[in-house]
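The structure under discussion appears below in the form of structure tokens.
Protein chains: 2
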Amino acid sequence: MHFHDNQRKVDYVLAYHYRKRGAHLGHGSPGHSLAVISNGETGKERQAGGPGDIELGPLDALEEQRREQREEFESNLMAAGLELEKDLESKNQGSVFVRIHAPWQVLAREAEFLKIKVPTKKMYEIKAGGSIAKKFNAVLQKLSSPLQPKVPEHSNNRMKNLSYPFSREKMYLYNIQEKDSFFDNATRSRIVHEILKRTACSRANNTMGINSLIANNIYEAAYPLHDGEYDSPGDDMNDRKLLYQEWARYGVFYKFQPIDLIRKYFGEKIGLYFAWLGLYTSFLIPSSVIGVIVFLYGCATIEEDIPSKEMCDQQNAFTMCPLCDKSCDYWNLSSACGTARASHLFDNPATVFFSIFMALWATMFLENWKRLQMRLGYFWDLTGIEEEEVSSLEHSRPEYETKVREKMLKENDKSVDDDEDKLTWKDRFPGYLMNFASILFMITLTFSIVFGVIVYRITTAAALSLNKATRSNVRVTVTATAVIINLVVILILDEIYGAVAKWLTKIEVPKTEQTFEERLILKAFLLKFVNAYSPIFYVAFFKGRFVGRPGSYVYVFDGYRMEECAPGGCLMELCIQLSIIMLGKQLIQNNIFEIGVPKLKKLFRKLKDETEPGEADPEHSKHPEQWDLDYSLEPYTGLTPEYMEMIIQFGFVTLFVASFPLAPVFALLNNVIEVRLDAKKFVTELRRPDAVRTKDIGIWFDILSGIGKFSVIINAFVIAVTSDFIPRLVYQYSYSHNGTLHGFVNHTLSFFNVSQLKEGTQPENSQFDQEVQFCRFKDYREPPWAPNPYEFSKQYWSVLSARLAFVIIFQNLVMFMSVLVDWMIPDIPTDISDQIKKEKSLLVDFFLKEEHEKLKLTDEPAQRSQGGGDRSRRSRATSSAPSGPSPTGSRASSASQHTNV
Amino acid sequence: MHFHDNQRKVDYVLAYHYRKRGAHLGHGSPGHSLAVISNGETGKERQAGGPGDIELGPLDALEEQRREQREEFESNLMAAGLELEKDLESKNQGSVFVRIHAPWQVLAREAEFLKIKVPTKKMYEIKAGGSIAKKFNAVLQKLSSPLQPKVPEHSNNRMKNLSYPFSREKMYLYNIQEKDSFFDNATRSRIVHEILKRTACSRANNTMGINSLIANNIYEAAYPLHDGEYDSPGDDMNDRKLLYQEWARYGVFYKFQPIDLIRKYFGEKIGLYFAWLGLYTSFLIPSSVIGVIVFLYGCATIEEDIPSKEMCDQQNAFTMCPLCDKSCDYWNLSSACGTARASHLFDNPATVFFSIFMALWATMFLENWKRLQMRLGYFWDLTGIEEEEVSSLEHSRPEYETKVREKMLKENDKSVDDDEDKLTWKDRFPGYLMNFASILFMITLTFSIVFGVIVYRITTAAALSLNKATRSNVRVTVTATAVIINLVVILILDEIYGAVAKWLTKIEVPKTEQTFEERLILKAFLLKFVNAYSPIFYVAFFKGRFVGRPGSYVYVFDGYRMEECAPGGCLMELCIQLSIIMLGKQLIQNNIFEIGVPKLKKLFRKLKDETEPGEADPEHSKHPEQWDLDYSLEPYTGLTPEYMEMIIQFGFVTLFVASFPLAPVFALLNNVIEVRLDAKKFVTELRRPDAVRTKDIGIWFDILSGIGKFSVIINAFVIAVTSDFIPRLVYQYSYSHNGTLHGFVNHTLSFFNVSQLKEGTQPENSQFDQEVQFCRFKDYREPPWAPNPYEFSKQYWSVLSARLAFVIIFQNLVMFMSVLVDWMIPDIPTDISDQIKKEKSLLVDFFLKEEHEKLKLTDEPAQRSQGGGDRSRRSRATSSAPSGPSPTGSRASSASQHTNV
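Line by line, the protein sequences give chains S and D. Going left to right, the first sequence walks through residues 1 to 901 as UniProt numbering numbers them. Going left to right, the second sequence walks through residues 1 to 901 as UniProt numbering numbers them.
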């Protein structure tokens with residue numbers, strides 16, 4: 001954790017591989033000595049090997065070039081004030097760790113540039129509402145105390161330090177007890193990282209920053225150090241161990257997350273992710289409860305549902321038209337009793353209520369997230385950081401710079417004067433075109449796979465129904481296998497699309513890290529969204545709508561009829577589809593991709609290490625240093641996959657909630673595990689990420705709110721089009737004789753004259769054959785005896801009008817309510833905005849007081865020379881003592897004293 | 001413009017009325033001398049009258065109290081460093097002007113507190129895109145040069161000063177040539193206003209700031225001075241005169257606005273208003289052009305419109321059912337030929353296109369406004385001002401403080417410890433209730449007036465149709481008079497509602513000025529919106545829908561049939577309604593309320609002044625000082641009415657654009673005048689407003705974007721429900737035999753068997769009597785010979801489905817396109833974001849350079865003592881000279897030199 005002098009803390013580590021070829025150690029220019037390896041006590045000369053003048057192989061030349069670049073970079077770092085330590089390159093090849101320490105003056109200078117807010121001496125009490133709210137809070141705190149993680153509070157919970165951007169001129173403001181520990185580890189490594197990013201290396205094609213050097217393989221890795229080991233025995237506590245014990249174990253799944261500690265250790269960006277995940281998970285609790293209640297309501301009312309009773313009633317004996325040509329017989333509707341009853345579980349009025357609830361829930365969630373974000377921003381001193389935050393992400397990406405350089409080289413003789421330092425639209429066009437084409441191709445691919453599965457279903461169903469033995473459970477077999485195929489395809493494509501999106505974004509060569517991230521996210525989101533949801537959309541809105549009618553069915557591929565939904569409605573199938581894809585995706589992705597694959601990787605690496613034991617340093621492996629340990633961990637690659645997984649899940653929870661009210665429950669169960677899984681990954685399996693300051697979760701919020709809005713219209717359509725809710729309502733209020741649903745089933749079934757069945761499609765070997773004159777089918781069409789038989793009937797159009805009217809009303813009503821909720825809940829919690837105001841005025845007071853005291857201490861001349869030259873002093877005959885004891889009074893007085901000395 | 005010493009500039013003026021009662025001048029405590037009237041050369045003693053010990057009347061006591069409060073306040077101002085000058089209270093009563101001057105050290109101190117950004121010495125070039133863009137810009141500039149106002153540029157247009165918040169410690173950064181003119185007038189008055197707002201006056205119930213004192217009548221007015229006279233003869237130029245000549249005259253209506261000068265003179269808030277108004281007006285140009293084209297398309301295709309030709313065709317001879325009971329006869333549809341042809345002007349497919357265009361136009365406008373706002377924010381150095389801006393609006397309102405004090409007094413014995421310093425929900429409840437009730441009442445009032453006009457129309461129409469002579473033009477008479485009644489009511493209620501909204505907001509006692517403004521705007525907007533649009537909504541969506549059918553008409557009030565639309569459809573009437581209300585409102589409000597009323601007020605005041613000539617100072621009236629002149633102007637009362645007028649107009653332009661494509665043209669014509677009218681008002685008729693810094697137009701943007709969204713659904717419904725677009729489409733593609741609209745009119749008319757007319761409603765003295773067996777009416781109903789006569793037919797339901805489907809498709813498509821446009825156009829223009837980035841890096845460089853130079857100049861000890869205590873210096877064996885010539889390199893080097901000296 002420290003340099004060899006055991007005093008200077010290691011703030012950052014750069015790692016690289018070196019290799020020497022036998023005797024010729026190839027130093028290039030021996031004059032260039034890496035002069036400043038400042039490991040005080042050892043101080044050995046590095047130039048152990050003689051200067052090699054044997055000619056170098058191409059590999060060696062590259063190696064030599066890299067060494068020079070490293071040397072220049074490191075000397076530039078030292079010029080910037082950083083202190084470096086590294087081990088000797090004693091062996092033929094191996095890893096070298098360059099440890100970096102930032103001394104106080106560098107920290108102070110950079111903190112001032114970066115406007116890092118640090119606590120001042122001044123503390124103030126945070127007011128907690130009225131007396132009732134106070135008592136309520138106390139009770140709540142007592143009740144929730146077993147759920148609180150056992151993390152030592154940084155300070156009194158009810159007091160907060162005033163913060164102010166660090167300034168070397170105002171050192172007296174801050175409570176600097178020890179300079180070594182004034183900035184915490186995350187801040188220190190952030191500062192070093194900032195320097196690393198902007199230090200240039202002229203030899204390496206003038207690239208800027210460590211990221212380019214890593215991209216060019218000059219260094220292999222750059223990472224800050226973990227605080228220690230998370231599973232070390234004994235009582236010595238560090239933040240990492242604390243996080244492991246109180247957060248990153250499944251055993252503590254019921255506890256709140258120690259968000260402040262997470263932020264302190266990993267920085268704001270990761271802190272916000274876990275805060276977001278925590279809020280999302282806790283918001284899933286009420287929706288799970290209501291979802292379960294809605295489901296139970298469906299279970300409870302299953303016996304009272306008249307349509308399903310009528311369907312199950314053997315006496316009604318609706319003779320239905322055959323489901324396939326020739327081999328299928330007429331059938332009795334009561335044989336579909338089971339699915340009818342099952343679909344009532346999800347197709348009842350409570351789901352309409354539930355989908356309205358969930359739309360508002362999504363809005364509430366987003367609003368509360370905004371509030372929590374503001375609250376965290378306040379406690380983490382993030383208010384007003386945007387400028388600085390942006391700048392840290394604005395460094396051009398190394399790939400972009402390379403491209404620009406290439407362009408400049410190419411156009412050198414063309415004498416283009418203006419555009420040479422950036423890529424124009426023309427340069428980017430191939431990339432964009434490629435992107436567009438690939439995305440189009442992949443979406444087409446997804447659709448064709450969905451279509452392929454449909455074809456599979458149609459053909460398999462037709463094949464199976466030829467065989468009498470399998471005919472009975474055709475539907476179950478076909479549906480189940482098709483969904484599993486869908487699931488597998490989704491999982492595979494998900495991984496492929498993730499990689500493809502990355503590749504496409506690289507082709508696009510975005511200028512900054514931020515644009516890179518945003519474009520990557522958008523592309524990945526688009527592809528993964530289409531991938532995960534297209535089979536579901538098909539079942540919800542298209543399946544069973546292009547069937548045609550008896551006598552003129554729609555055929556695809558030489559005589560296969562388009563598939564229909566089960567007699568209970570498509571909603572049931574939608575529900576099956578949804579639940580299998582959602583559960584399967586979560587279980588498999590969690591187990592295989594998040595637990596299994598990292599374990600495999602670890603195993604693989606271990607095996608590899610064991611096969612190459614020759615270079616292993618026995619001394620090191622016994623007591624490995626922290627940088628060795630961290631080096632063996634996986635590098636941190638960003639939060640995108642974590643967010644993406646959750647966003648897709650959010651889609652499952654909101655988009656089709658009308659058809660699957662249990663989705664929130666499953667999401668909740670998944671997320672309770674997910675939180676700890678992610679936590680474990682960050683604490684134990686990844687190198688420590690750079691602490692990135694950010695105020696919000698960026699583009700994810702927009703995506704979430706987009707999904708929330710989209711879900712309104714999707715749910716409106718699911719209820720109106722997929723479910724039987726509207727036809728029932730129309731029947732009840734317009735056609736029913738007694739205002740009940742009795743006769744509804746009969747009403748939804750049209751008549752068909754079997755004599756009009758096309759030649760060759762009549763059922764063979766029918767049991768009904770002789771007596772059947774009319775068979776029934778589910779549609780609103782004119783009966784055979786009407787003047788225009790089989791046209792859509794008036795009922796069809798009136799039900800359609802009702803469905804569409806419902807969509808309009810539902811969509812606009814829910815949107816309006818969402819806007820209202822959005823408007824009613826202020827984005828900034830009242831107490832926080834009060835605190836911010838208070839903090840601002842306290843800051844001014846505190847400032848003036850400190851300034852005043854400082855003036856008293858220092859001598860006056862400097863002051864006089866500064867304040868001199870104003871000829872208006874003569875006019876101020878009396879600077880009579882100010883009167884009021886109010887803060888403004890004292891403020892005015894101190895100011896006037898200031899100007900009068 | 002200056003104090004009597006002709007040196008110190010008057011930055012602010014406080015005005016109050018005083019009155020002395022005869023001999024007893026009532027000084028209260030003679031020890032309190034207003035010691036500091038710093039008008040250098042005169043220096044008269046103010047205590048001319050003897051100290052009065054005659055007892056004071058109640059009026060005098062109040063007067064005395066006020067005097068004391070003024071004295072205290074003024075001495076507090078002086079304690080804060082301001083310099084005051086006022087005239088003697090020589091006469092028995094009159095106005096006294098307290099002139100305030102802010103000396104340099106006060107300005108410097110406050111500028112630092114307020115973080116006012118000022119230009120530094122460093123300038124840099126603003127890059128203007130590539131070479132093609134440059135040339136294009138140059139051409140554009142040449143072309144538009146006659147449109148450019150002749151205002152001297154502050155500086156080179158292609159250079160910009162780096163700005164940095166003022167800091168007394170960094171004076172070397174700024175280009176301070178003369179301290180008197182470093183801060184411009186607007187900034188100076190803003191600083192003084194800031195001090196005035198926060199200076200306490202303990203005698204006046206401890207109130208804070210000048211606003212409370214004005215509210216309590218202790219002062220009468222407080223205003224900064226105008227720069228001079230706008231119509232002074234001669235060549236001496238000041239900003240006000242310049243503004244008048246180049247902006248605030250009708251003669252320059254074709255020119256661009258000199259936005260930068262407006263901002264410099266009036267501050268950012270008013271500058272943004274005019275920038276917004278200008279952008280809105282220029283955006284109206286394309287929409288006007290397209291609107292006119294759409295209208296002309298309607299005119300051009302009028303001869304080809306098959307339905308109106310069919311209606312006009314005498315041969316068709318559709319015998320229509322009578323329009324009223326008894327007195328009306330059957331009539332021939334061809335007699336309504338005129339209205340049918342007229343309604344084609346507005347009811348054609350081009351309007352569908354136009355309303356989609358306008359929805360996107362609204363989005364584009366808002367997006368471009370965001371961009372312009374960012375651009376102005378950049379050039380006006382508003383980036384990152386939010387914190388400070390908020391604080392200036394966060395002062396509690398005097399009314400709020402009074403209320404809190406009252407509450408504290410009342411609850412003094414109840415020992416409530418916590419809530420005493422703010423109003424709880426319980427205290428506010430009566431206010432909220434009153435608000436809610438009043439708003440509800442006023443909305444009901446509006447609705448009942450609309451209903452009253454309907455009743456007027458029904459009864460008048462019935463009365464007129466009894467008389468044969470008037471029968472022919474019943475519809476025209478009734479419609480015209482009703483619309484004019486509506487218009488007058490709207491105009492009157494508009495004024496009333498404005499006042500009521502203000503009163504209601506006062507009752508609510510919001511805490512800060514900002515909440516006050518926002519709530520007032522919301523209330524006023526709600527009331528005015530409902531007022532202006534409810535008659536239009538009625539015509540668009542409700543008129544003619546509750547008529548019933550022949551044989552069972554809907555009656556209101558004993559036998560008056562509900563009103564129907566003209567045979568050409570309701571769209572024609574909607575168009576008339578819209579155009580009259582919009583034009584009438586604009587013309588009358590502009591002419592009467594914005595030109596007439598101020599003139600009347602001025603006249604009235606002049607008359608009043610002439611009737612009270614006794615106190616007039618003959619000397620003053622000859623050469624009145626600027627403060628006298630300004631005092632005689634109207635006080636500035638905020639931008640709310642100006643914005644409100646424009647927002648309501650924006651509603652006319654977007655909400656019903658499907659029915660009135662000429663709305664943008666009229667809006668454009670109005671706005672060209674409106675800009676100069678408002679400009680004139682600000683330059684010539686109002687006291688100079690306080691310069692308020694703000695980044696955006698606040699809540700107005702939300703309202704605009706709300707209207708934009710609302711307009712999508714309204715236009716969808718207008719096209720689907722009010723116009724005949726959908727029925728024609730349905731007829732053409734589903735019912736027509738040859739795909740044309742031939743037979744459409746016949747298809748829309750249902751049959752009615754006249755023998756089924758209710759007894760007593762048959763037409764008397766019919767010309768048709770003998771031969772009529774069936775009459776026709778406009779509806780989709782089953783014919784009399786169907787099994788269920790007069791029920792809605794299948795056509796009805798299919799057309800309804802099509803209408804609703806259109807609404808869904810239109811709404812979601814347009815919303816999606818808007819989101820896309822919103823997303824595609826970045827909120828920050830690329831060049832501006834590049835400039836901001838560049839500015840940021842330049843700032844850092846500039847800083848380091850200046851710091852470096854400063855270090856060279858000053859001596860070292862101070863530096864050493866500050867930078868000392870770091871034990872890590874020993875480790876830095878070589879601080880080798882930095883290599884790269886890149887900015888980062890030099891930055892690092894200067895920083896290292898800094899820490900090494």
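All residues carry an ideal CB built from backbone N, CA and C; glycine is no exception. All values reported here derive from a predicted model rather than from experimental measurement.
Which of helix, strand or coil DSSP assigns to residue i
{"i": "R428(S)", "result": "helix"}
{"i": "A221(D)", "result": "strand"}
{"i": "T761(D)", "result": "coil"}
{"i": "I707(D)", "result": "helix"}
{"i": "E508(S)", "result": "helix"}
{"i": "residue 906(D)", "result": "The structure shown has nothing for residue 906(D), since chain D only spans 1 to 901."}
{"i": "G43(D)", "result": "In this prediction, G43(D) has a pLDDT of 37, which is less than 50 and means its spatial position is unreliable; nothing more can be read from the coordinates."}
Cβ-based burial, residue i [other Cβ within 10 Å; buried from 16]
{"i": "D236(D)", "result": "exposed"}
{"i": "S632(D)", "result": "exposed"}
{"i": "V597(D)", "result": "exposed"}
{"i": "Q47(S)", "result": "In this prediction, Q47(S) scores a pLDDT of 39, lower than 50, which makes its location untrustworthy; no coordinate-derived value is stated."}
{"i": "E791(S)", "result": "exposed"}
{"i": "Y497(D)", "result": "buried"}
Own chain residues within Cβ distance below 6 angstroms of residue i, not counting five before or after
{"i": "L813(D)", "result": "none"}
{"i": "F97(S)", "result": "V13, A15, W627"}
Start-to-end residues for the alpha helix (DSSP H) that takes in residue i
{"i": "P165(S)", "result": "No alpha helix (DSSP H) holds P165(S); the beta strand (DSSP E) holding it covers 159-165."}
{"i": "F353(S)", "result": "349-379"}
Residue i beta carbon near the ligand MG (any heavy atom closer than 6 angstroms)
{"i": "D628(D)", "result": "As presented, the structure is devoid of all ligands, the ligand MG included, so that no description of it is given."}
Distance between beta carbons of residue j and residue i, contact taken as under 8 angstroms
{"i": "A716(S)", "j": "F810(S)", "result": "4 angstroms"}
{"i": "I648(S)", "j": "I703(S)", "result": "That pair is no contact at about 10 angstroms."}
Same chain only: Cβ atoms within 7 angstroms of residue i, ignoring 5 sequence neighbours per side
{"i": "T459(D)", "result": "Y560"}
Residue span of the beta strand (DSSP E) that contains residue i, given as start and end
{"i": "S95(D)", "result": "93-101"}
{"i": "F777(S)", "result": "774-778"}
{"i": "H742(D)", "result": "Looking at the DSSP string, H742(D) is not in any beta strand (DSSP E), and its letter there is neither H nor E."}
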